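Only one structure is covered here, and it is reproduced in the block below.
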Amino acid sequence: MSEQVTKAEKLDASDVLAAKRAEFVLDDVVYLDGNSLGALPVAVPGRVEDVVRRQWGELRIRSWTEGGWWTAPERIGDRIAPLVGAAPGQIVVGDSTSVNVFKALVGAVRLARLADAGRDEIVVDATTFPTDGYIAESAARMTGCTLRPVTPAEVPGALGDRTAAVLLNHVDYRTGRLHDLPSLTAAVHAAGALVVWDLCHSAGALPVGLDEHGVDLAVGCTYKYLNGGPGSPAYLYVRAEWQDRFDSPLPGWNSHAEPFGMRPGYAPAAGAVRGRVGTPDILSMLALEAALEVWDGVTVEEVRAKSLALTDFFLECVEEYVPGGRVECVTPRAHGERGSQVALRCPDAGVVMERLIGRGVVGDFRRPDVLRFGFTPLYVGFGDVERAARVLAEVLAE
625 MSEQVTKAEK LDASDVLAAK RAEFVLDDVV YLDGNSLGAL PVAVPGRVED VVRRQWGELR
685 IRSWTEGGWW TAPERIGDRI APLVGAAPGQ IVVGDSTSVN VFKALVGAVR LARLADAGRD
745 EIVVDATTFP TDGYIAESAA RMTGCTLRPV TPAEVPGALG DRTAAVLLNH VDYRTGRLHD
805 LPSLTAAVHA AGALVVWDLC HSAGALPVGL DEHGVDLAVG CTYKYLNGGP GSPAYLYVRA
865 EWQDRFDSPL PGWNSHAEPF GMRPGYAPAA GAVRGRVGTP DILSMLALEA ALEVWDGVTV
925 EEVRAKSLAL TDFFLECVEE YVPGGRVECV TPRAHGERGS QVALRCPDAG VVMERLIGRG
985 VVGDFRRPDV LRFGFTPLYV GFGDVERAAR VLAEVLAE
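The opening residue of the sequence shown carries number 625 in this note's numbering; numbering runs sequentially from there.
The structure is reproduced here in structure tokens:
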């Protein structure tokens, strides 16, 4: 055991991101649930206080212009853009992930039908987070499409001349499996359809390459690896070449070409602004903007390198500390197939996680039998990883 402790100390000493830990509000707990809710960046409380006391309390309505409230959705979208490989002007922040999935998927079907009105099928990741499936089913009914659930591996074989849009998760929320965004995107395009990617478990943890790989539309939350806070607004990416034809199923006054004209007829604004709907949630929006400052001086490539090193080391420690056969890793070992989490199958996973949390190691439990550990490279260290594996072994031995 001491050998792993020594190795952790050496890894922490050479960690180029180690100083970032001081930019978060942390304690002695090993926090491995950042793939559900990121830790609080230290800059956020002061910023929120300023927004409430000065911008809202003193400037009041003037803050929409003087405080930059009105332009926040696009400004913050441009701040997120480099983290997902997008040029400026293609991301708008606002609404929930679910709402953005709906906008993106219906919009994708409408775009596909501009070229071929006969496309009447939506393909959806059968292993997706439940809400994406619910939204896809509703979008299919709304657009008169047939819904076809398949696993990501089955997508290329499921595509055809009826396929309008495909909704996929970049990283599987249960297992942490990273799906092949470039090849799946290319396959969808070869079939004449559009693809919508859900980036909730990849943005802020690994390179995405939206522009590079020709992704049509994408959505993601900001409260996981982007540390925006509970319920922080999600975002919508609309590739530049589609923006002048993107027809949102939720047109609101905020996305009108003349929002204060109060005209009875809808005329969409230009650019990513078309993804807006109603008045943005300014308190959460500006808390997110402050949280994104932790990315100053950091590249996604550095984060990815540390993420893989952390998960490799965790698996190494688990293998050394935990008796054989007690847990089974369901996360792929290959780097190209792994997100930034490790999922371990364990028959009594719910009880085990409860005991881990009681001993200062916080992960989460996914029914029926999965222990899920998320590794946020900006604040998780190698000493944390070693301790988590050691405590897991102790709990399993009890």
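Virtual Cβ for every residue (Gly too), placed ideally from N, Cα, C. Note that the structure is predicted; figures quoted are calculated from it, not measured.
What does the Cβ neighbour count give for residue 880, buried or exposed, with the cut at 16 atoms within 10 Å?
Here residue 880 refers to the residue found at position 256 of the sequence shown. That one is buried.
Cut-off 7 Å between Cβ atoms - residues of its own chain near residue 866, not counting five sequence neighbours on either side:
In the sequence shown, residue 866 corresponds to position 242, counting from 1. These residues qualify, in order along the chain: 735, 840.
CA-to-CA distance, residue 656 to residue 985, given in whole angstroms:
Walking along the sequence shown from the start, residue 985 turns up at place 361. Walking along the sequence shown from the start, residue 656 turns up at place 32. Going from the Cα of residue 985 to the Cα of residue 656 covers about 7 Å.
C-alpha distance - residue 836 paired with residue 706, whole-angstrom precision
By 1-based counting over the sequence shown, the position of residue 836 is 212. By 1-based counting over the sequence shown, the position of residue 706 is 82. The alpha-carbon atoms of residue 836 and residue 706 are separated by roughly 12 Å.
The segment 741-753 in contact with the segment 788-805 per 3-pair CB rule at 8 Å
yes
Give me the residue from 801, 774, 669, 760 with the minimum Cα distance to residue 959.
To locate residue 959, count along the sequence shown from 1; it is residue 335. Proximity to residue 959 across 801, 774, 669, 760 peaks at 801, based on C-alpha coordinates.
Between which two residues does the beta strand (DSSP E) carrying residue 820 extend?
Position 196 of the sequence shown holds residue 820. From DSSP, the beta strand (DSSP E) with residue 820 extends over 818-822.
Do the CB positions of residue 931 and residue 834 come within less than 8 Å of each other?
Indexing the sequence shown from 1 puts residue 931 at position 307. Indexing the sequence shown from 1 puts residue 834 at position 210. Against a cut-off of 8 Å, the Cβ pair of residue 834 and residue 931 comes out as no contact.
At which residues does the beta strand (DSSP E) containing residue 745 begin and terminate?
Residue mapping note: residue 745 aligns to position 121 of the sequence shown, counting from 1. Segment 745-749, the beta strand (DSSP E) holding residue 745.
For the alpha helix (DSSP H) that residue 812 lies in, which residues bound it at each end?
Here the question's residue 812 lines up with position 188 in the sequence shown. Per DSSP, residue 812 belongs to the alpha helix (DSSP H) from 805-814.
Cβ contact check for the segment 721-728 and the segment 910-923: 3 or more pairs under 8 Å
no
Below 8 Å, how does it come out for the segment 962-982 and the segment 993-1002: are there three or more Cβ pairs, yes or no?
yes
Suppose you measure from the CA of residue 898 to the CA of residue 652; what does that come to, to the nearest Å?
In the sequence shown, the residue the question calls residue 898 occupies position 274. In the sequence shown, the residue the question calls residue 652 occupies position 28. Straight-line measurement puts the Cα of residue 652 at about 44 Å from the Cα of residue 898.
Status (buried if at least 16 other CB within 10 Å, exposed otherwise) for residue 649:
Position 25 of the sequence shown, counted from the first residue, corresponds to residue 649. Taking all protein chains in view, the Cβ of residue 649 is surrounded by fewer than 16 other Cβ atoms within 10 Å, so the residue is classified as exposed.
What residue range does the beta strand (DSSP E) around residue 773 cover?
Numbered from its first residue, the sequence shown carries residue 773 at position 149. Its beta strand (DSSP E) spans residues 770-774.
Beta-carbon contacts of residue 893 that lie in its chain and below 7 Å, excluding the five residues immediately before and after:
Indexing the sequence shown from 1 puts residue 893 at position 269. 879, 880, 881.
Hey, how far is the Cα of residue 664 from the Cα of residue 852?
Working through the sequence shown from its first residue, we reach residue 664 at position 40. Working through the sequence shown from its first residue, we reach residue 852 at position 228. Distance between the alpha carbons of residue 664 and residue 852 is about 8 Å.
Buried versus exposed call for residue 669 [16 or more other C-beta atoms within 10 Å across all chains shown]:
Looking up residue 669 in the sequence shown gives position 45. Exposed is the call here.
Assuming contact is defined by CB atoms lying nearer than 8 Å, are residue 774 and residue 733 in contact in what I supplied?
Taking the sequence shown and counting its residues from 1, one reaches residue 774 at position 150. Taking the sequence shown and counting its residues from 1, one reaches residue 733 at position 109. No, the Cβ-Cβ distance between residue 774 and residue 733 is not below 8 Å.
For residue 825, does the three-state DSSP call read helix, strand or coil?
For the purposes of this step, residue 825 is identified with residue 201 of the sequence shown, where counting begins at 1. Here residue 825 sits in coil by DSSP.
Suppose you measure from the CA of residue 634 to the CA of residue 937; what does that come to, to the nearest Å?
Locating residue 634 in the sequence shown gives position 10, counting from the first residue. Locating residue 937 in the sequence shown gives position 313, counting from the first residue. The alpha-carbon atoms of residue 634 and residue 937 are separated by roughly 12 Å.
Nearest by alpha-carbon distance to residue 716: which of 725, 700, 727, 731 is it?
Walking along the sequence shown from the start, residue 716 turns up at place 92. For the residues 725, 700, 727, 731, the minimum Cα distance to residue 716 belongs to 700.
Please say whether residue 811 and residue 783 have beta carbons closer to each other than 8 Å?
Numbered from 1 along the sequence shown, position 159 holds the residue referred to as residue 783. Numbered from 1 along the sequence shown, position 187 holds the residue referred to as residue 811. For residue 783 and residue 811, yes; Cβs fall inside 8 Å.
Backbone CA spacing between residue 660 and residue 847 [nearest angstrom]
Working through the sequence shown from its first residue, we reach residue 660 at position 36. Working through the sequence shown from its first residue, we reach residue 847 at position 223. Looking at the two C-alpha atoms, the distance is approximately 7 Å.
Beta-carbon within less than 6 Å of residue 917's beta-carbon, same chain only, minus the 5 sequence neighbours each way: which residues are those?
Here the question's residue 917 lines up with position 293 in the sequence shown. Cβ neighbours of residue 917 beyond the five flanking positions: 667.
Skipping 5 residues on each side, what residues in its chain have a beta carbon closer than 6 Å to that of residue 902?
Taking the first residue of the sequence shown as position 1, residue 902 is located at position 278. Its chain contains 876, 878 as the residues whose beta carbon lies nearer than 6 Å to that of residue 902, once the 5 sequence neighbours on both sides are disregarded; these appear in chain order.
Bridge-paired residues (DSSP) for residue 892:
Counting from one through the sequence shown, the residue named residue 892 turns up at place 268. 880, per the DSSP bridge assignment.
Identify every residue that forms a DSSP beta bridge with residue 953.
Along the sequence shown, one-based indexing puts residue 953 at 329. 968, per the DSSP bridge assignment.
Can you tell me which of the three DSSP states residue 669 falls into?
Sequence index remark: in the sequence shown, residue 669 carries index 45 (1-based). In the structure shown, residue 669 sits in a helix (DSSP, three-state: H, G or I).
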